[in-house]
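Chemist:
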Amino acid sequence: MEENIDILKNISKVEPSDFLFNKIKLKIELQKQNEIPLPKMYAIAASVILIISLNIVAMTWKNNQNNSQNTISINTQNNFYNE
Amino acid sequence: MEFQTIYIEHKKLVFNLALSYVQNVEDAEEITQDVFVSIHEKISSFNFNSNISTWIYRITINKSLDFIKYKKRKKRFGFITSLFFENNEEKNIDANDFNHPGVILEQQETVQHIFNAINQLKEEQKTVIILSKIEDKSHKEIAEIMNISTSAVESLLGRAKIKLAETLKQNEG
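Sequence lines, in order, name chains A and B.
Counting from 1, one number per residue, gives the positions in the first sequence under my numbering.
Counting from 84, one number per residue, gives the positions in the second sequence under my numbering.
1. For N182 (chain B), which of helix, strand or coil comes out of DSSP?
2. Suppose you measure from the CA of N99 (chain B) to the CA of L247 (chain B); what does that come to, to the nearest Å?
3. On the three-pair Cβ rule with 8 Å, is the stretch 125 to 133 of chain B touching the stretch 48 to 60 of chain A?
4. From the beta carbon of V105 (chain B), is the nearest beta carbon of chain A less than 7 Å away?
5. With distances taken Cα to Cα, identify the nearest neighbour of L323 (chain B) among B:E218, B:E206, B:Q253.
6. Please report the Cβ distance between A200 (chain B) and T143 (chain B), rounded to the nearest whole angstrom; I am assuming they are in contact, meaning their Cβ atoms lie under 8 Å.
7. Short of 6 Å in beta carbon distance, which residues of its chain neighbour Q87 (chain B), apart from the five on each side in sequence? Order them along the chain.
8. Along the chain, where does the alpha helix (DSSP H) containing V194 (chain B) start, and where does it finish?
9. Assuming L20 (chain A) and Q106 (chain B) are in contact, meaning their beta carbons sit under 8 Å apart, how far apart are those beta carbons, in whole angstroms?
10. Which residues in chain B have a C-beta closer than 9 Å to the C-beta of N34 (chain A)? List them in chain order.
11. Looking only at its chain, what residues have a beta carbon closer than 7 Å to the beta carbon of R141 (chain B), apart from the 5 residues adjacent to it on each side?
12. Please indicate yes or no: does the CB of N64 (chain A) lie closer than 6 Å to some heavy atom of the ligand NAD?
13. What does the alpha-carbon distance come out to for the pair K252 (chain B) and A243 (chain B)?
14. Please identify, using Cβ separations under 7 Å, the residues of the stretch 47 to 72 of chain A that lie next to chain B, in order along the chain.
Below you can see the structure in the form of structure tokens.
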């Protein structure tokens with residue numbers, strides 16, 4: 001068995017393709033372009049939270065206004081003609 | 084150290100180690116790309132007092148093992164989709180995947196046979212065999228690369244050889 005595996009020692013080392021470095025550089029460049037910088041990410045997250053909070057405030061305000069318009073006023077006067 | 088210098092000095096190491104794991108030029112090139120992208124990302128945090136080759140060995144081993152797992156998953160998914168769809172174009176892609184330019188033609192069949200058995204070993208056993216038999220590393224060097232003790236390397240190597248002998252015998256029979 002040992003001499004069987006030792007055949008692996010005859011495997012010669014291969015030189016990788018010349019184009020490989022350019023491919024790697026391209027991959028690194030692509031990765032840089034796709035990367036969103038951390039401050040930008042914080043800014044996006046903060047604006048999303050701000051928009052959601054403003055929406056909630058606006059909806060609550062609108063609801064309150066609707067409620068005040070819909071309040072039922074009780075008529076205490078007697079509408080029947082006095083006989 | 085400049086990235087290009089690291090690439091020039093280690094490209095052969097990375098490519099050939101990856102080739103030992105996947106035995107296919109295209110796949111080894113893909114792994115090599117991933118390894119150097121990862122090196123480029125992490126180079127600023129690397130402590131240059133420690134051995135850069137050991138670090139690159141570790142990255143290459145991890146990327147190679149990840150690649151194999153990814154390919155197995157893809158193959159499994161391909162099999163499942165082939166059960167539902169008629170188009171079986173991808174079915175035979177891996178049938179003749181062995182493409183190792185470092186192996187001489189007369190030994191191609193025997194080496195492929197041994198690699199088939201190596202590919203059935205557990206990840207750690209496979210790594211130990213590759214580092215010891217192909218990369219010609221000493222037990223101490225393997226221990227450093229794999230971050231384990233020398234005695235652990237010896238026991239892994241022993242178990243790997245037994246398993247390999249069994250698989251080779253089974254495949255012959």
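Even for Gly, the Cβ is constructed at its ideal location relative to N, Cα and C.
Modeler: A quick look at the data gives this:
1. strand
2. 22 Å
3. no
4. no
5. Coverage of chain B is limited to positions 84 through 256, which leaves residue 323 (chain B) absent and any answer about it impossible.
6. With a Cβ gap of about 22 Å, A200 (chain B) and T143 (chain B) do not count as contacting.
7. none
8. 191 to 201
9. Going by Cβ atoms, the distance from L20 (chain A) to Q106 (chain B) rounds to 18 Å, so no, they are not a contact pair.
10. Residues of chain B passing the Cβ test: none, with the nearest at roughly 12 Å.
11. I228
12. The ligand NAD is not part of the structure shown, which contains no ligands of any sort.
13. 14 Å
14. none
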